[in-house]
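Residue numbers (my numbering): 28 to 499.
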């Protein structure tokens with residue numbers, strides 16, 4: 028079956044689904060509405076959409092019409108609650124996601140039929156309690172009063188692995204993509220032929236060593252001293268930062284969403300928390316490339332994006348510090364600083380323009396993207412994916428990371444979490460001392476040298492002025 032191109036809109040009373048299915052017989056169309064689920068089948072097309080609110084299976088109010096000249100089938104579905112707003116109708120991947128299964132509460136397996144004997148046993152139970160130790164009495168009272176005693180599962184031995192391969196990518200779902208990496212021109216791969224077998228701890232160690240080895244003090248000082256072009260890049264305003272709220276996805280973006288794989292993820296709260304952190308790195312890389320190219324990607328853009336993203340080039344995603352609130356939905360300032368510090372470090376090592384001020388501007392862009400909510404974040408991810416998809420080597424990172432992130436951002440991420448992140452990131456300070464290269468000292472050298480040159484020029488001017496009367 029083929030998933031057709033479609034778009035959704037709404038009125039006060041209905042949801043309108045426009046489906047492109049040319050050269051079909053309208054009499055063969057099969058439509059079905061089941062609460063929030065809408066299905067359409069007309070050979071060879073099949074479409075299943077899961078809306079956020081319930082629809083009404085009303086043959087009288089609902090309607091469908093087919094225009095053979097344009098090839099569009101327009102279906103009008105009645106809302107169960109008149110005037111209810113259906114959110115995220117333009118997030119096509121979310122609409123295509125399967126409906127989540129509802130777990131029913133388990134009923135008790137034991138039913139108490141008669142409690143007469145329990146009264147006669149109270150005295151015996153009290154006598155036994157008197158003979159218990161203090162710890163035993165605490166447990167007994169906790170059970171009797173339904174107190175919550177802290178419990179910890181014993182640490183088990185790691186499971187036996189029969190393969191040396193290590194998983195990587197989105198939720199560690201992928202292996203085998205770097206088996207023949209030695210035969211490809213993958214210049215951003217920092218693990219080489221060990222990409223398939225390196226453990227996460229080894230990847231991080233190798234990444235840090237590679238960054239320290241590649242840091243060039245002279246390059247950083249040169250960009251800091253001659254910062255005229257850097258200032259222009261920092262002053263440039265990203266079009267998305269002033270985007271109106273009523274914008275809509277382009278047809279190309281809609282097609283990209285339809286081409287995403289159909290997946291359903293079983294994500295724990297901790298994993299979901301870590302995905303938000305890794306997303307910050309993706310948005311930072313996108314912001315850097317957008318600023319340095321004025322949002323006009325060049326042939327070097329795929330290399331720049333992959334080099335700036337540790338999850339790509341070193342297969343080393345966030346978190347970079349122990350997270351205390353991973354399962355609570357809150358973000359610690361320390362873990363956010365550590366995440367951006369990783370992106371800052373890479374922006375000062377690999378690309379052409381290496382400036383702390385430029386990294387700060389990119390962080391501000393990330394905050395504005397997050398403030399735009401899921402729709403804007405998805406748009407940024409789709410642009411990232413499109414850039415990598417057109418590269419003959421780096422498309423692999425789109426396969427193992429970006430395709431899944433585009434799905435996750437639509438169906439699993441929340442605008443509330445993005446708003447919280449935007450608030451924290453906008454006021455976040457990433458200290459230079461945390462980056463590990465004594466940037467303050469390097470910048471002080473430039474400032475001292477500049478001040479000496481200015482003093483020398485002033486002295487030369489004074490000497491010239493003193494000599495002029497004598498010459499006259």
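Each residue gets a CB set at the ideal place from its N, CA and C atoms; glycine is no exception.
Quick check: the Cα distance between residue 381 and residue 267, rounded to an integer number of angstroms? 23 angstroms
For the beta strand (DSSP E) holding residue 68, just list the boundary residues, first then last. 64-69
Could you tell me whether the Cβ atoms of residue 42 and residue 106 are closer together than 8 angstroms? yes
When the distance is taken between beta carbons, is residue 385 closer than 8 angstroms to residue 332? no
Please state whether the Cβ-Cβ distance between residue 338 and residue 428 is less than 8 angstroms. yes
Residue closest to residue 505, alpha-carbon to alpha-carbon, out of 309, 390, 283: Any answer about residue 505 is impossible in this case: the structure gives the chain only from 28 up to 499.
Residue of 47, 61, 112, 58 minimising C-alpha distance to residue 37: 112
DSSP state of residue 321 mapped onto helix, strand, coil: coil
Which residue's Cα is closest to the Cα of residue 44: 66, 51, 29? 66
What's the gap between the Cα of residue 109 and the Cα of residue 358? 38 angstroms
Distance between beta carbons of residue 48 and residue 123, contact taken as under 8 angstroms: Contact doesn't hold; Cβ gap of about 16 angstroms is too wide.
Taking residue 95 as the reference, give the member of 50, 225, 304, 55 with the closest Cα. 50
Residue 222 to residue 76 span [Cα, whole Å]: 39 angstroms
According to DSSP, which residues form a beta bridge with residue 23? Absent from the structure is residue 23, since the part of the chain shown begins at 28 and ends at 499.
Classify residue 207 as buried or exposed, calling it buried when 16 or more other Cβ atoms lie within 10 Å of its own Cβ. exposed
Look up residue 299 in the DSSP assignment and say whether it is helix, strand or coil. helix
Close Cβ partners of residue 133 (< 8 angstroms) along its chain, the five nearest in sequence each way excluded: Residue placement at residue 133 is poorly supported in this model, since its pLDDT is 42, which falls under 50; the coordinates are not used for a value here.
Those residues which DSSP pairs with residue 43 across a bridge: 36, 103
Expected contact under 8 angstroms - CB spacing of residue 218 and residue 230 to nearest Å: 6 angstroms
Closer than 7 angstroms: residue 66 CB and nearest the ligand SAH heavy atom: Among the components modelled here there is no ligand, and therefore nothing to report on the ligand SAH.
Hey, would you say residue 433 sits closer than 8 angstroms to residue 409, going by beta carbons? yes
Under the three-state DSSP convention, the category residue 109 falls into: coil
Should the stretch 316-324 be regarded as contacting the stretch 256-272, the criterion being three or more beta carbon pairs within less than 8 angstroms? yes
Using a Cβ-Cβ cutoff of less than 7 angstroms, which residues in the same chain neighbour residue 347 once the five nearest sequence positions on both sides are dropped? 365, 366, 369
Evaluate residue 102 with the Cβ neighbour count: other Cβ atoms within 10 Å of its Cβ, from every protein chain shown; 16 or more gives buried, anything less gives exposed. buried
Considering only the alpha carbon of each residue, which of 472, 396, 421, 463 lies closest to residue 450? 396
Euclidean distance between Cα positions of residue 411 and residue 88: 42 angstroms
Taking Cβ to Cβ, would you say residue 304 is nearer than 8 angstroms to residue 238? no
Residue 407 vs residue 310 beta-carbon contact at 8 angstroms: yes
Tell me the rounded alpha-carbon separation between residue 502 and residue 255. With the chain covering 28 to 499 only, the question about residue 502 has no answer from this structure.
List the DSSP bridge partners of residue 82. 106
DSSP on residue 197, reduced to helix/strand/coil? helix
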